[in-house]
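The sequence shown lines up with residues 13 to 301 when you count with the working numbering.
By construction, the Cβ of each residue, glycine as well, lies at the ideal position given by its N, Cα and C atoms.
Notes follow once the structure below has been shown.
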Amino acid sequence: MRFGYHVRMSGGPISALLEGIDAGCEAIQMFPGSPQRWGTPPVSDEQAVEFIEARSNSGIDPVLLHAIYLINMAAPSDSIFKRSVGSLASALAKADRLGATAVISHIGNHKGEGEEFGLKRIAEAVDSCLGHSTGDAMLLLETTAGAGTSIGNTFEQFGAVFDMAGRPERLGFCLDTCHIFAAGYDISTPAGVDDALDELDHYIGLDRLKALHLNDSRGECGSHLDRHEHIGQGMIGLESFRHMANHPALRGLPAIVELPYENRDKDSLDDLSLLRSLVEPQERSGEED
Ligand SMILES: [Zn+2]
Ligand SMILES: [Zn+2]
13 MRFGYHVRMS GGPISALLEG IDAGCEAIQM FPGSPQRWGT PPVSDEQAVE FIEARSNSGI
73 DPVLLHAIYL INMAAPSDSI FKRSVGSLAS ALAKADRLGA TAVISHIGNH KGEGEEFGLK
133 RIAEAVDSCL GHSTGDAMLL LETTAGAGTS IGNTFEQFGA VFDMAGRPER LGFCLDTCHI
193 FAAGYDISTP AGVDDALDEL DHYIGLDRLK ALHLNDSRGE CGSHLDRHEH IGQGMIGLES
253 FRHMANHPAL RGLPAIVELP YENRDKDSLD DLSLLRSLVE PQERSGEED
């Protein structure tokens, strides 16, 4: 696994990279712009060159973009739907300019129109934004905690979206441990992790799993609460993260901790060091080739 943090872009893309280097990341995730605002600042040619050069020297790989929070691929409103597709397409273009491998997005909320409507709408959004971009960056759909009328809290729903969208090659999946636990997958034991991965494989395919968000959960299993906790300090617990960190199906994936880097507990191992300490020696050496 390649561990990293979600880092902030405080002054152009390079600032996020520098934060990632400072935090000892092997992979990073960042927003393409302000997560609460439509429209993202463009990346100049100079910024793109600077970023790509500095990244290759840093050894950080991959870089992932996390789409803004306003996106709703299941929106009943045509204007929100169009803005969401446009925002995803521009994030994909930005990813290509920066050499980022993927854009990760939550899928949204059907606002009372029902699951069937929502899933069809999302498949349409996937089709449209991948059709509008011709680069290499993948679109990864992320699991949600399943609050309110949000969709994307079961692997079965994602499987339906993948099938409806015709399973394009650039469509992938991002698993957030806190979100699936809150949605009702009890991954607080190694056996529970295996069951969840079996179900993921059945509906989506493990080959589509391209990124992990490793967050422990403050809320209980099935609580639908999206509250991230430091690794091993929440309801999922350290043994499940140890199991995931050494799981053959998850080997080689980027694994992002989505708690602010500055909130690390200074008196104990930070999340990345803790996760690395869980990886058994043969796993780390086997990763080198
Ligand atoms: Zn996440
Ligand atoms: Zn979350």
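Within 8 Å, do at least three Cβ pairs link the segment 75-88 to the segment 117-127? yes
Cβ pair residue 199, residue 248 closer than 9 Å: Locating residue 199 in the sequence shown gives position 187, where the first residue counts as 1. Locating residue 248 in the sequence shown gives position 236, where the first residue counts as 1. Yes, they are a contact pair.
Considering only residues of the same chain and omitting the five flanking positions on each side of residue 193, which have a CB-CB separation below 6 Å? As a position in the sequence shown, residue 193 is number 181, starting the count at 1. The residues are 199, 229, 233 and 248.
Among the residues of its own chain, which have a CB less than 6 Å from the CB of residue 301, if the five just before and after it don't count? Translated into the one-based positions of the sequence shown, residue 301 becomes position 289. Caution is warranted here: a pLDDT of 47 is assigned to residue 301, below 50, making its placement in the model unreliable, and the coordinate value is therefore given only provisionally. So the list is empty, once near-sequence residues are dropped.
CA-to-CA distance, residue 57 to residue 186, given in whole angstroms: On the sequence shown, residue 186 is found 174 positions in, with the first residue counted as 1. On the sequence shown, residue 57 is found 45 positions in, with the first residue counted as 1. Between residue 186 and residue 57, the C-alpha separation is close to 29 Å.
For residue 104, name the three-state secondary structure that DSSP assigns. Numbered from its first residue, the sequence shown carries residue 104 at position 92. Of the three classes helix, strand and coil, the one that applies to residue 104 here is helix, per DSSP.
For residue 184 versus residue 151, is the C-beta spacing smaller than 9 Å? Counting from 1 along the sequence shown, the entry for residue 184 is found at position 172. Counting from 1 along the sequence shown, the entry for residue 151 is found at position 139. Against a cut-off of 9 Å, the Cβ pair of residue 151 and residue 184 comes out as a contact.
Is any heavy atom of ligand 2 found at a distance shorter than 8 Å from the C-beta of residue 78? Here residue 78 corresponds to residue number 66 of the sequence shown, with the count starting at 1. Incorrect: residue 78 has no Cβ contact closer than 8 Å to ligand 2.
State the start and end residues of the unbroken alpha helix (DSSP H) segment that holds residue 137. Position 125 of the sequence shown, counted from the start, is the residue given in the question as residue 137. 127-144 is the extent of the alpha helix (DSSP H) around residue 137.
Put residue 281 into one of helix, strand or coil per three-state DSSP. Here residue 281 is taken as the residue at index 269 of the sequence shown, counted from 1. Three-state result, residue 281: coil.
Note down the Cα distance separating residue 252 from residue 145, rounded to an integer number of angstroms. Here residue 252 refers to the residue found at position 240 of the sequence shown. Here residue 145 refers to the residue found at position 133 of the sequence shown. Taking the straight line joining both Cα atoms gives about 38 Å.
For residue 284, collect the residues of the same chain with a Cβ closer than 8 Å to its Cβ; drop the 5 residues on either side in sequence, then sort them by chain order. Here residue 284 refers to the residue found at position 272 of the sequence shown. The residues are 15, 16, 17, 35, 36, 37 and 269.
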